[in-house]
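Residue numbers (the working numbering): 144 to 424.
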Ligand code: SF4
Ligand code: SF4
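Written out as structure tokens, the structure reads:
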């Protein structure tokens with residue numbers, strides 16, 4: 144289990160605890176300030192990424208110190224975890240409302256609206272979250288060229304997430320003032336700043352999933368379709384065996400590769416049950 148499961152989930156998956164989505168947590172004024180600051184100034188994320196790129200050229204000890212500090216702050220304010228679609232569905236089972244919104248990362252990185260992010264709330268009408276957004280009116284969320292906050296049913300949201308899986312996007316939950324969880328995103332390493340921070344600049348901003356993937360060699364035909372979808376470069380092909388194999392040290396356990404497999408050969412296991420991956424977060 145990741146550190147948040149111990150601290151915020153009583154030893155169970157923290158993101159499946161309804162209390163971590165509560166209106167009570169959202170009523171905290173410091174948390175509201177954090178959320179409005181995040182939504183009203185997306186350009187600050189661009190500045191953060193420029194700083195991270197500069198950091199790549201710094202001596203190792205400086206990079207490690209800055210990375211540790213940034214990660215510690217993110218764990219307090221805005222940290223993520225990869226979640227497979229089964230757990231997204233479990234979250235949708237207990238939240239009161241779901242809205243689809245424009246992705247803040249793509250707004251910055253490709254200067255275009257891409258509706259890959261979802262706000263969730265225990266309230267039936269997004270409660271205080273909608274009030275915050277309406278007060279703020281950030282142009283990329285509610286401006287004239289956007290679809291605004293689209294309210295979705297659980298089935299509509301799940302259908303949308305399945306489509307994102309076919310696009311190879313990895314589902315991630317995000318805190319806004321940990322442990323409060325306000326949204327679920329669909330990430331790739333090309334456009335998402337969090338994935339770039341995590342993978343390209345080695346600044347931890349998200350936990351790996353509580354799961355790890357495996358391939359049943361008896362079912363795998365070696366078609367390599369799964370390799371195209373893995374954002375983490377965890378799948379390779381063995382020409383000698385004519386099978387694909389997963390590098391357990393690289394696998395984040397998102398489960399996205401399963402959506403490409405015509406043989407149903409890929410499965411997820413509990414991360415803790417696989418010794419080589421059990422302590423990789
Ligand atoms: S191999 Fe692991 S990280 Fe890559 S897509 Fe599959 S589950 Fe995700
Ligand atoms: S998609 Fe499935 S069958 Fe094809 S290589 Fe990957 S695991 Fe094997």
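Don't be surprised by glycine CBs; every beta carbon is placed ideally from N, CA and C.
Beta-ladder partner(s) of residue i, from DSSP
i: residue 329; result: 314
i: residue 260; result: 244
i: residue 294; result: 242
i: residue 161; result: According to DSSP, residue 161 bridges with nothing at all.
i: residue 413; result: 354
i: residue 217; result: DSSP, once it has assigned bridges, lists no residue as partnering residue 217.
Residue i Cβ short of 7 Å to ligand 3 heavy atom set
i: residue 399; result: In the structure shown, ligand 3 is absent; the only ligands present are ligand 1 and ligand 2.
Beta-carbon spacing of residue i, residue j below 8 Å
i: residue 198; j: residue 206; result: yes
i: residue 392; j: residue 423; result: yes
i: residue 189; j: residue 251; result: yes
i: residue 374; j: residue 325; result: no
i: residue 295; j: residue 183; result: no
i: residue 151; j: residue 181; result: no
i: residue 378; j: residue 387; result: yes
i: residue 185; j: residue 244; result: no
i: residue 261; j: residue 178; result: no
i: residue 306; j: residue 292; result: no
i: residue 202; j: residue 354; result: no
i: residue 163; j: residue 304; result: no
Buried/exposed call for residue i, threshold 16 Cβ in 10 Å
i: residue 211; result: exposed
i: residue 225; result: buried
i: residue 315; result: buried
i: residue 161; result: exposed
i: residue 174; result: buried
i: residue 176; result: exposed
i: residue 231; result: buried
i: residue 376; result: exposed
i: residue 419; result: exposed
i: residue 156; result: buried
i: residue 331; result: buried
i: residue 172; result: exposed
i: residue 237; result: exposed
i: residue 415; result: exposed
Contact with chain D by residue i, beta-carbon distance below 8 Å
i: residue 369; result: In summary, chain D is missing from the structure at hand, where a single protein chain is found.
Residue i Cβ short of 7 Å to ligand 1 heavy atom set
i: residue 375; result: yes
i: residue 395; result: yes
i: residue 234; result: no
i: residue 421; result: no
i: residue 372; result: yes
i: residue 324; result: no
i: residue 356; result: yes
heavy atom of ligand 2 below 7 Å from residue i C-beta
i: residue 364; result: yes
i: residue 387; result: yes
i: residue 369; result: yes
i: residue 202; result: no
i: residue 383; result: no
i: residue 403; result: yes
### Task
Count the CB pairs spanning the stretch 336–347 and the stretch 255–263 that are closer than 8 Å, and state whether there are at least three.
no
### Task
For the stretch 328–344 and the stretch 365–372, state whether three or more C-beta atom pairs, one from each stretch, are separated by less than 8 Å.
no
### Message
I want to know whether the stretch 354–362 touches the stretch 397–414 - three or more CB-CB distances under 8 Å.
### Response
yes
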